[in-house]
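Q: Let me give you the structure first, and then I'll get to my questions.
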Amino acid sequence: MTDPIIIAVPKGRILDEALPLLAAVGIVPEAAFSDDASRALRFATNDPQIELIRVRAFDVATFVAHGAAQLGIVGSDVLMEFDYPELYAPVDLRIGHCRLSVAEPADMAEKDDPRGWSHVRVATKYPHATRTFFEARGVQAECVKLNGAMELAPTLGLAPRIVDLVSSGRTLKENGLVEVETIAQVSSRLVVSRAAFKTRARVVPLVDAFRRAVEHASA
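Have a look at this one:
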C-alpha cells in the first residue's frame, strides 16, 4: 500500500470556510478533528488514503514545499511571503478573502501622503512581501518582524506603520489605525508539491475535484 496523501490545512477562520469544500471533494475528517479538547495534529479521514494535518497558516506552505505534505490550503499572502519554487498553486479556492494593507495612526494619516514616502519603518510578519512592494515604488522599507499584536507597534513607538491582513478593519479602528495603502487582495489557494503533482497518481484527480467544487460553489 502506498503512503497516504497528506493535506495540510490551517488553523482558524480559513479552516471553517475550507471544510465545506473538503466535504464537496468527498473528504470528511474523523470526529477528533472537530473536538476542541483534542491536541492531535494529524487526522484520518473517510478515505484511508487521505490524511489531514492541522498546522499554523504560515507553516502550511513549508510542509508542502518540503514534501511533508502533498497538498495544502493556504492564503496567497503566505505564498507572497515565502515564494517557494517547489509549490504549485493551481486553484483559487475563493475563500478567506481579505487584503494585505499598510496602516498608520489616524492622526498621522490626515497629513500623510504615501506618494511622498522615500523611507518607511514598518512592523509586520510579512517582511519579504513588504520590501518587495515598496522597492517596486522606489521606497526603502525597514521592517521590524512581529508575529502578532501588530497594532501595538505605532502606539508604543516600535514602528509608525504596520503591514498586516485586514478583513473588516475593526481591529485597526479599535486601535486608532487606518489603512493607507493596499499591497494585495488575498484569498486562499490549493497548493501542491510539484514533485507530488508529477509522481502521485491521486494528486491530479484531487486537484481537479477541488477545481470542480469551487466552480460549483460559485455557480
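Last residue of the sequence shown: 235 in the working numbering, with the numbers rising by one and none dropped. C-beta: ideal position from N, C-alpha, C; glycine also. Here the structure is a predicted model, which means the values were calculated and not measured.
#1: Under three-state DSSP, which class holds THR61?
#2: Check whether the Cβ atoms of LEU95 and ASP180 lie closer than 9 Å to each other.
#3: Flag this pair as yes or no: are the beta carbons of LEU206 and LEU87 separated by less than 9 Å?
#4: Do ALA73 and PRO26 have their beta-carbon atoms positioned less than 9 Å apart in this structure?
#5: With C-beta atoms as the reference, is ALA235 less than 9 Å away from LEU37?
#6: Around the Cβ of THR238, are there at least 16 other Cβ atoms within 10 angstroms (buried) or fewer (exposed)?
#7: Starting from LEU38 and walking both ways along the alpha helix (DSSP H), at which residues does that stretch end?
#8: At a cut of 8 Å, does the region 148 to 164 reach the region 209 to 222 through at least three beta carbon pairs?
#9: Please go through the region 179 to 206 and give each complete alpha helix (DSSP H) segment of 4 or more residues, from N-terminal end onward.
#10: Of the residues SER203, SER183, VAL202 and GLN156, which one's Cα is nearest the Cα of GLU195?
#11: Applying the 10 Å Cβ sphere with the 16-neighbour rule, what's the burial state of LYS141?
#12: DSSP on SER234, reduced to helix/strand/coil?
#13: Excluding sequence positions up to five away, which residues of its chain have a Cβ less than 8 Å from the Cβ of LEU57?
#14: Look up LEU70 in the DSSP assignment and say whether it is helix, strand or coil.
#15: From which residue to which residue does the beta strand (DSSP E) around LEU116 run?
#16: Per DSSP, what are the beta-bridge partners of GLN86 in this structure?
#17: Compare the C-alpha of VAL44 against each of LYS189, ASN62 and ARG29 and name the closest.
#18: Let me know if GLY154 comes out buried or exposed under the rule of 16 or more other beta-carbons within 10 Å of its beta-carbon.
#19: Judging by CA-CA distance, which residue of VAL80, VAL118, ALA119 and GLY91 is the nearest neighbour of GLU102?
#20: Going straight from the alpha carbon of SER50 to that of ILE66, what length do you get?
A: So, from the listed chains and residues:
#1: Of the three classes helix, strand and coil, the one that applies to THR61 here is strand, per DSSP.
#2: The Cβ atoms of LEU95 and ASP180 do not sit closer than 9 Å to each other.
#3: Taking 9 Å as the Cβ cut-off, LEU206 and LEU87 qualify as a contacting pair.
#4: Yes. Within cutoff.
#5: No, these two residues do not count as a Cβ contact at 9 Å.
#6: This structure cannot settle anything about residue 238, because the visible part of the chain is limited to 17 through 235.
#7: Where LEU38 is concerned, the enclosing alpha helix (DSSP H) stretches over 29 to 41.
#8: Contact between the region 148 to 164 and the region 209 to 222 is absent: fewer than 3 CB-CB pairs across the two stretches fall below 8 Å.
#9: Taken in chain order, the unbroken stretches of alpha helix (DSSP H) that lie wholly in the region 179 to 206 and span 4 residues or more are 186 to 190.
#10: For GLU195, the closest of SER203, SER183, VAL202 and GLN156 by C-alpha to C-alpha distance is SER183.
#11: Buried is the call here.
#12: Residue state, collapsed to three classes: helix.
#13: Listed in chain order, the non-local C-beta contacts of LEU57 below 8 Å within the same chain comprise ILE69, ARG70 and VAL71, local neighbours out to five positions each way being set aside.
#14: Per the sequence presented here, residue 70 reads as Arg, with Leu not at that position. Three-state result, ARG70: strand.
#15: For LEU116, the uninterrupted beta strand (DSSP E) run begins and ends at 114 to 121, by DSSP.
#16: Paired residues: none, contrary to the question.
#17: Taking VAL44 as reference, the option from LYS189, ASN62 and ARG29 with the minimal CA-CA separation is ASN62.
#18: Flag for GLY154 reads exposed.
#19: Distances from the alpha-carbon of GLU102 to those of VAL80, VAL118, ALA119 and GLY91 put VAL80 closest.
#20: One alpha carbon belongs to SER50, the other to ILE66, and they sit about 17 Å apart.
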